Amino acid sequence: MKKDTYYFSHDYNSRNDIKIQALLVEHGSAGYGVYWVIVEILHEEKARKLKLDDLTFVAIARQASTSVEQVKAIVECCLKYELFVEDEGCFFSKRVLGNIDKRIDISEKRAKAGRISAKKRKKTTSAKDNATSVEQNPTKESKVKESKVNSIVDTNVSTSDAAHPTQEKIDYRAIINFFNEETQGVFGKLVYPISDNRKKSILARIEDFGKDGFAEMVRKASRSDFLKGKVSDNFVAKFDWMIEPDNFQKILEGNYDNRIKGYGADNQSGDEELMQHIKQGIARGLQESAT
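Residue numbers (this note's numbering): 5 to 295.
Right, dumping it as structure tokens:
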């Protein structure tokens, strides 16, 4: 199963779906719980489907803390009521496929938006380069920042630091230095060398959003009071949390940007909702680490 996890919506009224109602009639809350465990597993599987065999039932039973017999009965019930679809000895969920397609579509749109934003920033930098001598010092500072971003992807670094020698080679040391300089230790200081899992996640985010998107994520996180723990003492974002696919995208989208005015009831509930999502993500991560 994949270690990268993605947020997917859990409809607040899904229990009222007629198919879920039928599942609840036959298996009660146990059936409802096992169904959602399976949905989570299907999101993690590369093939987006599971085999209909005893090995699958054993694995699900372990994660759902129930018996193999009960899992088998619940899966058969889900197939009967078309919550799952059987196909050549496997089963899948149309709901999961729809979620994945939506995530891919959003990712592609964000990557495109990131490229457009990068072009605009380059035009702005070019305009500053042609400004009067009074503005030369800020322009030099801008060039230094741009140089740091450009050093993230370096075709001259050794292939031992690249996931695929045929692709652009990622200068992971430059990324760590960039992160530490931009964040000034607010999220903890990173040290080099880094683990293969971190390299894999960094490479995936740069492939999705580009080096400019990666740099923009770090800068937006550095400006976010919420991510720096100023809104809640119980949470301060860490690098590994930031580079998880869903969290990375949400930071870029501005979900954690500072509120300008009107810290009223609506804003408070919004912060509480963000904290709830974060707590759920942390809980899932701890559960995965324990299994």
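All C-beta atoms, glycine included, are put in the ideal place defined by N, C-alpha and C. Nothing here was measured: the structure is a model prediction, and the numbers come from that model.
C-alpha distance - residue i paired with residue j, whole-angstrom precision
i	j	result
S162	V195	A caution first: S162 carries a pLDDT of 37, below 50, which makes its placement in the model unreliable, though a value can still be read off. Going by the C-alpha atoms only, they are around 19 Å apart.
I120	A241	28 Å
G27	E80	In the sequence under discussion, the amino acid at residue 27 is Leu, which differs from the Gly named in the question. Those two C-alpha atoms are separated by around 10 Å.
L59	E248	29 Å
F218	I45	28 Å
I78	V29	12 Å
I24	I180	47 Å
D250	K84	33 Å
V38	V75	7 Å
V236	F243	Residue identity differs from the one stated: residue 236 is Ser in this sequence, not Val. The straight-line gap from Cα to Cα measures roughly 18 Å.
M246	M221	8 Å
T70	I104	28 Å
A34	V62	16 Å
K50	G192	32 Å
N160	V100	Because the pLDDT of N160 is 38, which lies under 50, any placement of that residue in the model is unreliable, and the question is left without a value.
Q272	F239	Low confidence applies here, because Q272 scores a pLDDT of 49, under 50, leaving its location unreliable and the question unanswered by this model.
I174	K116	20 Å
R177	F252	20 Å
K203	C82	39 Å
G93	E73	18 Å
H4	Q67	What the structure shows of the chain is the stretch from 5 to 295, and residue 4 is not part of that stretch, so it cannot be assessed.
D216	V43	34 Å
I108	K232	29 Å
K106	E257	16 Å
K367	Y36	Here the chain covers residues 5 to 295 and nothing more, so residue 367 does not appear.
F182	K234	23 Å
N201	H47	20 Å
G102	S205	24 Å
CB-CB length for residue i against residue j, believed under 8 Å
i	j	result
D88	R52	It is Phe, not Asp, that sits at residue 88 in the sequence shown. So it is not a contact: roughly 12 Å between Cβ atoms.
N262	R227	7 Å
Y260	F230	5 Å
I22	V41	With a Cβ gap of about 21 Å, I22 and V41 do not count as contacting.
L54	E90	Their Cβ separation, rounded to whole angstroms, is 11 Å, which puts L54 and E90 out of contact at 8 Å.
A225	I255	5 Å
Boundaries of the beta strand (DSSP E) in which residue i is found, first to last residue
i	result
E248	First-last for E248: undefined, no H or E at that position.
F95	94-96
Continuous alpha helix (DSSP H) stretch holding residue i: start and end
i	result
E90	Premise fails: E90 lies in the beta strand (DSSP E), 89-91, not in any alpha helix (DSSP H).
R263	Element bounds for R263: n/a, residue is neither H nor E.
V222	200-227
A178	176-187
Residue i beta carbon near the ligand MN (any heavy atom closer than 8 Å)
i	result
Q188	Absence of the ligand MN is noted for the structure shown, with no ligands found whatsoever.
Below-9 Å beta-carbon distance, residue i vs any chain B residue
i	result
K76	Absence of chain B from the displayed structure is noted, only one protein chain being present.
(Q) Could you tell me which whole alpha helix (DSSP H) segments of length 4 or greater appear in the segment 36-80? (A) 58-68
Q.
If contact is defined by three or more beta carbon pairs under 8 Å, each pair taking one atom from either stretch, is the segment 185-195 in contact with the segment 209-217?
A. no
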